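Written below as structure tokens is the structure these notes are about.
Numbering (UniProt numbering), first residue to last: 1 to 201.
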């Protein structure tokens, strides 16, 4: 019987508990990651929503930014939701002065593209790899302006003013969404990511 993968959740800020709950409901073991030695003990990583500038600064403070980049470059599967999408982008627009990312996905992401907290909304997303649209929750969400040759636009918003915008991207072992699947009660995005983790193991 295959070993159960341990998926870390970057616990600098954001929806850590919610992601762990969904991952565990899908059969994964989870652990919090705040320090380099904790990162070394996991097979994959989820980067939750939150505030991308705060996450970047805390990653620097905890000496985590370079270890994160190294693990991603070495092929560790990672999934970023909302702020996590920004952290996995190679390039960002409307970032704070000097804002850095982990990178890994050849895409340009616009920070807070969908507006402020009061502009939060829900929309169906047509997702490659899922059997039916995903009803997604967007909170101060980014969107993807463009993807490079190595990245695949996996999902687009299907309803409302945002219809057609790229909101989910995959590049090899990396996955990112603009929205928060951990808040929906629908585990299919996390299950999709865990399938990626098993493929990589």
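A virtual CB, placed ideally from N, CA and C, is assigned to each residue, including glycine. Every value quoted in this text rests on a predicted model; they were computed, and no experiment measured them.
With burial defined as no fewer than 16 other Cβ atoms inside 10 Å of the residue's Cβ, what is the status of residue i: buried or exposed?
i: residue 147; result: buried
i: residue 25; result: exposed
i: residue 118; result: Model confidence at residue 118 stands at a pLDDT of 44, short of 50, so the residue's coordinates are unreliable and nothing is read from them.
i: residue 93; result: exposed
i: residue 35; result: exposed
i: residue 84; result: buried
i: residue 132; result: exposed
So residue i is in the beta strand (DSSP E); what residue range does that whole segment cover?
i: residue 138; result: 134-138
i: residue 155; result: 152-157
i: residue 84; result: Careful: residue 84 lies outside any beta strand (DSSP E), inside the alpha helix (DSSP H) at 83-88.
Just to confirm, are residue i and residue j a CB contact at a threshold of 8 angstroms?
i: residue 168; j: residue 154; result: yes
i: residue 8; j: residue 29; result: no
i: residue 69; j: residue 105; result: no
i: residue 142; j: residue 91; result: no
i: residue 170; j: residue 125; result: no
i: residue 134; j: residue 189; result: yes
i: residue 55; j: residue 87; result: yes
i: residue 79; j: residue 46; result: yes
What does a CB cutoff of less than 8 angstroms around residue i pick up in its chain, not counting 5 residues either side in sequence?
i: residue 41; result: 6, 8 and 31
i: residue 15; result: 48, 49, 50, 81, 180, 182 and 183
i: residue 38; result: 8, 31 and 32
Might you give, ordered along the chain, the residues of its own chain that have their beta carbon closer than 6 angstroms to the beta carbon of residue i, omitting 5 neighbours on each side?
i: residue 196; result: 77
i: residue 129; result: 192
First and last residue of the alpha helix (DSSP H) that includes residue i?
i: residue 102; result: Per DSSP, residue 102 belongs to no alpha helix (DSSP H) and is neither H nor E.
i: residue 193; result: 188-200
i: residue 6; result: Unbroken run through residue 6 is the beta strand (DSSP E), 6-10; no alpha helix (DSSP H).
i: residue 58; result: 52-61
i: residue 23; result: 16-25
Going by beta carbon distance, what residues of the same chain come within less than 7 angstroms of residue i, once the five residues before and after it are set aside?
i: residue 74; result: none
i: residue 163; result: 157
i: residue 187; result: 22, 25 and 26
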